[in-house]
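Below is one structure, written out as structure tokens; comments come after it.
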Amino acid sequence: MAEHEQHALSYRLYLKTWGWLLVLTAVALALGYAPINEKFKAFLLVCTTLAKILVIASIFMHLRYERLNLILLTFVPLVLAVILFSFTFPETLGTATHVIQVRGNAVP
Amino acid sequence: MDSSLAAEQQRILASNWGGGKSPFGTSWSKFMMWIFIISDALTFAAFLITYGFMRSISPEWPKQTEVFNMVLITFMTFVLISSSAVMAMAVGAARAANPKLAFRFLVLTVVGGLMFLGCQAFEWSHLIEEGARLTHNPWGVPQFAASFFVITGFHGFHVLSGVTILAIVAIRAAMGKYSADQVENAGLYWHFVDVVWVFVFAFFYLL
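From first to last, the protein sequence lines stand for chains L and Z. Per the numbering used here, residue 1 is the first one in the first sequence, and the count goes up by one each step. Per the numbering used here, residue 1 is the first one in the second sequence, and the count goes up by one each step.
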């Protein structure tokens, strides 16, 4: 019986998590349409996205019940992605723009 | 020298990482699923970073809200998040040794995945009809449609694989050839597909 109650409790937790994810999606959607500074908007969207994946990973994917070893392992792609992003993105601040424009216009 | 080497070897073998133990505290199949998810996440990270790079060097980028049907995209997001929640419940039911309930939740998850794929097929055919191709599109730089097709295409293919895997797991649950580990591993993959969509939704459709 106690076990049954525990399972009912976890269903309730999943329903609650589902609700919060929908709220975060609504916030992200509102941000998409909000007339604010692009950089600030990007920052806020990164925040809502990170909040969403943390909620999904910790509750739906049960990461919060796993050992710290596994939790640390799952953050590897995020860290590597940030490194990849931070050394490729500054390249775009150069003058490469016209290359894409010429190619774009060349296509009928 | 020799004795210190032997002592070092002894120390390593006795540690959690020396073998014969389970330093991650999971079954091997769940651990392998996590390794797969991590490597797959890097694939999508590469796609999204490339997209960011291309968008940043493009002189202008089409306004997504004018190209895409945002109601449809929001509905797709809603369906995928809901199916993820239902999947979590399927894992809960499987852990509670309730195969009937797990089967029902799994079927609901598959239905969610199929709805998502249907919406995506509709979106793709609509955009292709309007003249979007990998090499050019009517709204601006060719990189726009190229990144759209590649990113949503790869994600859609993952959804298709997920639906296939979940259907197999559901059929096995109905047949009684049922293991909670199997349901959980399939669930991990399904949540990962949802996580990727969260990124695509925020950075491709909204930003």
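The beta-carbon is built from N, C-alpha and C at its ideal position, and this holds for glycine as well.
Three or more C-beta pairs under 8 Å: does that hold for the region 10–24 of chain L against the region 87–96 of chain Z? yes
Does any C-beta atom of chain L lie closer than 8 Å to the C-beta of residue 151/Z? no
Is the shortest distance between the beta-carbon of residue 20/L and the beta-carbons of chain Z less than 8 Å? Output row for residue 20/L: interface = no.
Helix, strand or coil: how does DSSP classify residue 131/Z here? coil
Please give me, in chain order, every unbroken run of the alpha helix (DSSP H) with length at least 4 that falls completely inside the region 39–116 of chain Z. 64–67, 70–95
Between residue 1/L and chain Z, is the shortest Cβ-Cβ distance under 8 Å, so that the two count as touching? With a pLDDT of only 42 at residue 1/L, under 50, the local geometry of the prediction cannot be trusted, and the value read off the model is given with reservation. So, not an interface residue.
Specify whether the region 189–198 of chain Z and the region 68–85 of chain Z touch according to this definition: at least 3 beta carbon pairs, one from each stretch, less than 8 Å apart. yes
Hey, is residue 80/L's beta-carbon within less than 8 Å of any beta-carbon in chain Z? The Cβ of residue 80/L sits closer than 8 Å to at least one Cβ of chain Z.
List the whole-angstrom C-beta distance separating residue 206/Z from residue 51/L, where the pair is believed to meet the contact cut-off of C-beta under 8 Å. 15 Å between Cβ atoms; not a contact.
Below 7 Å CB to CB, which residues in the same chain sit around residue 214/Z once its five sequence neighbours on both sides are set aside? Beyond the ends of chain Z as shown, which are 1 and 207, falls residue 214/Z; an answer cannot be given.
For residue 21/L versus residue 31/L, is the C-beta distance shorter than 8 Å? no
Restricting to Cα atoms, I'd like to know which of 127/Z, 29/Z, 117/Z is closest to residue 244/Z. Because chain Z here runs from 1 to 207, residue 244/Z falls outside it and cannot be looked at.
Does the separation of the CB atoms of residue 38/L and residue 25/Z fall below 8 Å? no
How would you list, in chain order, the residues of chain L whose beta-carbon sits under 8 Å from the beta-carbon of residue 53/Z? Result: 88, 89, 91, 92.
Give the residues of chain L in contact with residue 81/Z, contact being defined as C-beta atoms less than 8 Å apart. 18, 21, 22, 25
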